[in-house]
Amino acid sequence: MAVCFLVMVPFWRHNVLNSGSDMQFHLQRIYEIYMNLKNGSLFPYISVYSFNNVGAPLNLLYPALFLYPFSIFMLLLRNPVHAIYLGMWLILFCSMAIAYWTGMKYWKGNFKKSVLFSFLYTISAWYFHVLFSGFTLGEGIGMIFLPLIAFGTYSIFFRVEHEWCILAIGMSGVIYSHLLSAAMYSVVVGIIVLLGVFCTSNWIRNLKFLLFAVLSTIFITSFYWIGFIQTMFNNKLNLTMVVNLQKSALPFGDYITTSLNNDMIGILPILFILLAFILWKKLDNETKCIAIIGVCFFLMVTSVFPWRLLQNTPVKNLQFPTRLQTIVNLFLALLGTNIIDYLTSSKILTKKVYVCVASLTTMFFISNAFNFFSNTSSQTEVDYKPSSSRNMPFMGFKIDPKTFYNILGYNLGVGSTDYWKKDSVSHNRDLVSHIGYVDGVKQEMIPQIFPNKEKFKVKTKGAGEEIDLPIMNYNSYNVTLNGKMISYKESKRGTIMVYSKEKQNVITIEYKTSAMLVAAKYVSLISLIVTLAFPIRRKLAKTKKLKRNTVKKLINGK
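Every number in this note's numbering is 4 more than the matching position in the sequence shown, counting from 1.
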């Protein structure tokens, strides 16, 4: 906790948010949750306070659960910039805590190795890049759970405890954080499963524990999956962009150079790779396996890997091979921990090296912070309210506590049309400006906003006129006109369209939650409780058995 606080001090003192590529996107999502909580609603099914007020069901498609701490901190603190940085502190703290706990499980209670691993994994150049340089909060939160996923899978095949619950909790956590990360981390699961198949004799029996983990994950995440599937299959959506994988991969030389400047994967992981080659013959087989996996993914980040062969496969949704650095970060942190342990146990280095390496990671992280402030000092400050007549920069801007709320609401930045109706994208200029149509004639229709609901006041010449509202139709609404429930249809713009009843028309559009989604919410909650209770029950049973055996021994001894 203290280390995470220490590395965040420069950011709190800086008191400015400098935009990474995804900053406006995630701040809009946090703001939507914040406004819902402030107005008595627990979950924003559609985005009405943010993302141009057009009602995109963003949080049903892009997981929002772990953004709640940011929104709660905004409710508690007057300074929204400090609230966001407090949320980032919480991410780092949770990541370090889980990495340490996982390390204690993996290394069977070895405190020094577990602490060192938590430093190498969390206080790393790549974690800095994800959270601050890119502001990719979904990926950053998802990284918290990768050690659980890796160890949970490992324990199923290589430990007698078969702790499938850890895999289920880890995978559920990442699904509720970032779906693409869940797909990436499934590759790690697959690799460990293959190793289990080839390296263990009872792998067929162990597959049942993997099945338990898969089924538990499905039930725990059913709330997300039901919302996702219903929205995706009932609508034709504009999905995130697909890029050329080969072109977006980093040239090998640039990757090495950038890392040696303590960006991307960072200096220490490069050093661990070199040490692994030097000490190869002296490393145990498990460490060699970790090194091979880490180096393979290291190469996959670069253009050395033939990404062009995968361009026309589902792998294209990865978008940027650099995302694989999260996996590289995990395995090279494991490798580094094992190498440091070997060097100290062989008396080549003293045990003070643990403190030295942990101190280096902290120093490098703080150094990156000051370099980041310097490199972003010339960013444009958004000291005005962006609008269709005065746009803000797509990227490369900054905000402070006074200008924080300027960038919320109106948005034409990264992801601004993600998950829009396909028919709506070509009308985005009209929609973000709240332009509707009455019998084909343009009319500005600025909504009155409530959680998951918008109210429009529209003037017409009389009854029977076609009103095309500037809110998209995702086929799950209660629509009222002058207090009476009415039917609606979809316009050519992909928006909700109704017919006027009078000259003055008050139209309310409220998102209607399906019965299946409500049921899925309770299924997820109950499944989580059952999954968490399972290892607790097993531990209690084990303790009870141990006490019983102890009593028997005492009786027999007498």
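Quick reminder that beta carbons are idealized off the backbone N, C-alpha and C, glycines included.
Status (buried if at least 16 other CB within 10 Å, exposed otherwise) for residue i
i	result
Met78	buried
Gly44	exposed
Met12	buried
Leu412	buried
Gln28	buried
Gly400	exposed
Val610	Only positions 5 to 562 of the chain appear in the structure, and residue 610 is not among them; the question remains open.
Pro67	buried
Leu313	exposed
Ile530	exposed
Pro61	buried
Thr291	buried
Tyr104	buried
Pro310	exposed
Leu90	buried
Val462	buried
Gly144	buried
Gly340	buried
Gln329	buried
Glu458	buried
Glu506	exposed
Backbone secondary structure at residue i - three-state DSSP
i	result
Glu470	strand
Met245	coil
Leu184	helix
Glu165	coil
Trp207	helix
Ile50	coil
Lys158	According to the sequence shown, residue 158 is Tyr rather than Lys. Looking at Tyr158 - three-state DSSP - the assignment turns out to be helix.
Ile269	coil
Gln315	coil
Lys488	strand
Leu254	strand
Ala172	helix
Phe139	coil
Gly231	helix
Phe324	coil
Ala6	helix
Phe398	coil
Ala217	helix
Asn239	coil
Asp434	helix
Leu81	coil
Ala68	coil
Lys525	helix
Leu412	coil
Pro73	helix
Val58	coil
Ser190	helix
Pro14	helix
Lys551	helix
Limits of the alpha helix (DSSP H) - the one that residue i falls within
i	result
Leu485	From DSSP, Leu485 is part of no alpha helix (DSSP H) but of the beta strand (DSSP E) over 481-485.
Ile102	84-110
Tyr125	115-126
Phe454	Where Phe454 is concerned, there is no enclosing alpha helix (DSSP H), although the beta strand (DSSP E) it sits in stretches over 452-454.
Val418	It is not in any alpha helix (DSSP H) - Val418 carries neither H nor E in the DSSP assignment.
Val429	426-429
Val63	Residue identity check: residue 63 is Asn in the sequence provided, not Val. Per DSSP, Asn63 belongs to the alpha helix (DSSP H) from 62-65.
Arg33	27-42
Ile148	No alpha helix (DSSP H) holds Ile148; DSSP gives it neither H nor E.
Tyr131	129-132
For residue i, the residue or residues it bridges with in DSSP
i	result
Thr407	In DSSP, Thr407 forms no bridge with anything.
Leu544	DSSP lists no partner for Leu544.
Ile475	Answer is none; Ile475 lacks a bridge partner.
Gln447	Gly440
Phe460	Ile511
Leu21	Ile403
Glu494	Ile500
8 Å Cβ cutoff, residue i in contact with chain C
i	result
Lys109	Absence of chain C from the displayed structure is noted, only one protein chain being present.
Residue i: first and last residue of the uninterrupted beta strand (DSSP E) it sits in
i	result
Thr499	499-503
Residue i Cβ short of 7 Å to the ligand COA heavy atom set
i	result
Leu120	This structure lacks the ligand COA; in fact it carries no ligand of any kind.
Ordered list of alpha helix (DSSP H) runs contained in the stretch 283-308, each at least 4 residues: 289-304
Minimum length 4: unbroken alpha helix (DSSP H) runs contained in the stretch 346-387: 356-379
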